[in-house]
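Residue 488 is where the sequence shown starts when you use our numbering, and the numbers rise one by one after that. Yeah, the Cβ is synthetic: ideal placement off N, Cα and C, and Gly gets one too. Data block below; observations after.
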Amino acid sequence: MTGRGDSAPRRHRIEIEAGPAFEIASDEDTLLRGALRAGVPLPYECSVGGCGTCRFELIEGRIDSAWAEAPGLSERERKRGKRLACQSRVLTDCRIRARIDPQADVPIRAVRARARLESRREITADLAEFSFRVPAEARFFAGQYALLHPPATPGARAYSMSNTDTEPGIWRFIVRRVPAGVGSRALFDRVRPGDELGLDGPYGHAYLRAGTRDVVCVAGGSGLGPMLSVTRGVLAEPGTRQVRFFLGLRSQADLGAADELRSLLGPRLNVTTVLSAPESAAPWSGPTGFVHTLVDASLGPDPARFDFYFAGPPPMIDAMQDLLLVRHRVPFDQVRFDRFV
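Pasting the structure below:
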């Protein structure tokens, strides 16, 4: 048997109908990640099979699916021959039909690396910050995410960075333990300081853009991580623009998440925490309800004077899109989010 180090991985040519062509290595990359590494802006959001944004059609060639039942495709779409680029491994040269977004960019080419866990810090009973070190400069924009490969876990899991890339080689992630989540359980139960796992990134379009408008960040649950990153990015700018941070939590047991913002408080940052299901036996004098409702009540008659970034569970993402894009008609290029499902 030929060892992996004895020969270079085979490369396959991918031709996009009415679009560019590129080459992809057959050893590790999915079609999506190979395209992005080549600078070809295939559309995507979650990168792990959940959202369906990266769907395409195979015209010629052979492709293997890493997750044939990925929820990003409906059964009807599968019967029509649709596939997900993030779950497709190329076996031969191929010709595909895929949407190319000429407005999309690939600001930093994603790289693969081995990441060593430096530390794990508990935030709440089910939320922790994992700090990884890679043997190279960390390069990512505030608000982006990376793919981690937890042990004994099929496929990759997407987690957003909570820091900025000013810490040499350090990538920090705030992760929620999900009872039915194989990836998060592996991180919490199997990975210890000193252990290594695969890291691939950065990815994501919801990164901080330069500008003059003040920024609104809205976070729900583990969406705290990328919104912390965006906030840190704004506060590190030489300008004076401010951040209004809305944090949606469930109950008083989750308030450790709000403590993550204390060290950043100052004249350029205002934080409001809202609980959707406060415990009656525990003291709470702050606002209650859903975070998007509080945002709507707090921003006044002209929300378009802000740039918006938000991250959290799908219902919150949908509610924020409806609030900003439909009801208040905030320009689309002032609204940034990445959808995780």
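C-beta contact flag for residue i and residue j at 7 Å
i, j, result
"Leu-571", "Gly-536", "yes"
"Gly-710", "Val-778", "no"
"Thr-759", "Phe-733", "yes"
"Ser-649", "Leu-715", "yes"
"His-636", "Asp-580", "no"
"Thr-540", "Glu-532", "yes"
"Arg-737", "Ala-768", "no"
"Ser-606", "Cys-573", "no"
"Asp-825", "Ala-693", "yes"
"Trp-658", "Ala-623", "no"
"Val-730", "Val-702", "yes"
"Pro-832", "Val-817", "Lying outside 488 to 828, the shown extent of the chain, residue 832 is not represented and no answer is given."
"Phe-619", "Ala-602", "yes"
"Ile-501", "Ala-585", "no"
"Tyr-690", "Ala-557", "no"
"Leu-614", "Val-577", "no"
"Gly-712", "Ile-661", "yes"
"Thr-718", "Cys-704", "yes"
Minimum C-alpha distance to residue i - residue among the options
i, options, result
"Arg-696", "Thr-540, Gly-630, Pro-638", "Gly-630"
"Ile-550", "Pro-528, Tyr-531, Ser-575, Glu-532", "Ser-575"
"Phe-797", "Gly-668, Thr-653, Val-782", "Val-782"
"Asp-676", "Arg-663, Gly-688, Leu-518", "Arg-663"
"Phe-795", "Ser-534, Gly-773, Glu-504, Ala-706", "Ala-706"
"Tyr-646", "Glu-654, Glu-504, Leu-634", "Leu-634"
"Glu-616", "Gly-743, Leu-810, Gly-787, Asp-809", "Gly-743"
"Ser-785", "Ser-772, Gly-799, Leu-810", "Leu-810"
"Pro-528", "Pro-507, Leu-545, Ile-511", "Pro-507"
"Ala-639", "Pro-655, Gly-656, Phe-660, Val-669", "Val-669"
"Pro-801", "Gly-708, Gly-685, Leu-674", "Gly-708"
"Ser-750", "Pro-530, Tyr-632, Leu-674, Leu-722", "Leu-722"
"Asp-741", "Trp-771, Glu-724, Pro-530", "Trp-771"
Per-residue DSSP class, three states only, for residue i
i, result
"Ser-709", "helix"
"Ala-769", "coil"
"Val-703", "strand"
"Arg-491", "Low confidence applies here, because Arg-491 scores a pLDDT of 38, under 50, leaving its location unreliable and the question unanswered by this model."
"Asp-843", "Nothing about residue 843 can be read from this structure; the chain reaches only from 488 to 828."
"Cys-573", "helix"
"Ile-595", "coil"
"Val-817", "coil"
"Gly-506", "coil"
"Glu-547", "strand"
"Arg-500", "strand"
"Arg-719", "helix"
"Val-758", "strand"
"Ala-600", "strand"
"Ser-534", "coil"
"Ser-552", "strand"
"Glu-564", "helix"
CB contact below 7 Å: residue i versus chain D
i, result
"His-636", "As a matter of chain content, chain D is missing from the structure shown, which is built from one protein chain."
Distance between beta carbons of residue j and residue i, contact taken as under 8 Å
i, j, result
"Leu-837", "Asp-682", "Residue 837 is absent from the structure shown; the chain starts at 488 and stops at 828."
"Asp-652", "Phe-627", "5 Å"
"Leu-523", "Val-593", "6 Å"
"Cys-642", "Trp-554", "The sequence given here places Gly at residue 642; Cys does not occur at that position. Correct: roughly 6 Å between the Cβ atoms."
"Glu-544", "Lys-566", "So it is not a contact: roughly 12 Å between Cβ atoms."
"Gly-521", "Ile-511", "3 Å"
Practice task
Can you check the region 614-692 for any beta strand (DSSP E) of at least 3 residues that lies completely inside it and give the ranges in chain order?
Solution key: Segments of the beta strand (DSSP E) lying fully in the region 614-692: 614-620, 632-636, 644-647, 657-663, 683-690.
Handout entry: Every unbroken alpha helix (DSSP H) inside the region 779-818 [4 residues or more]
Key = 801-808
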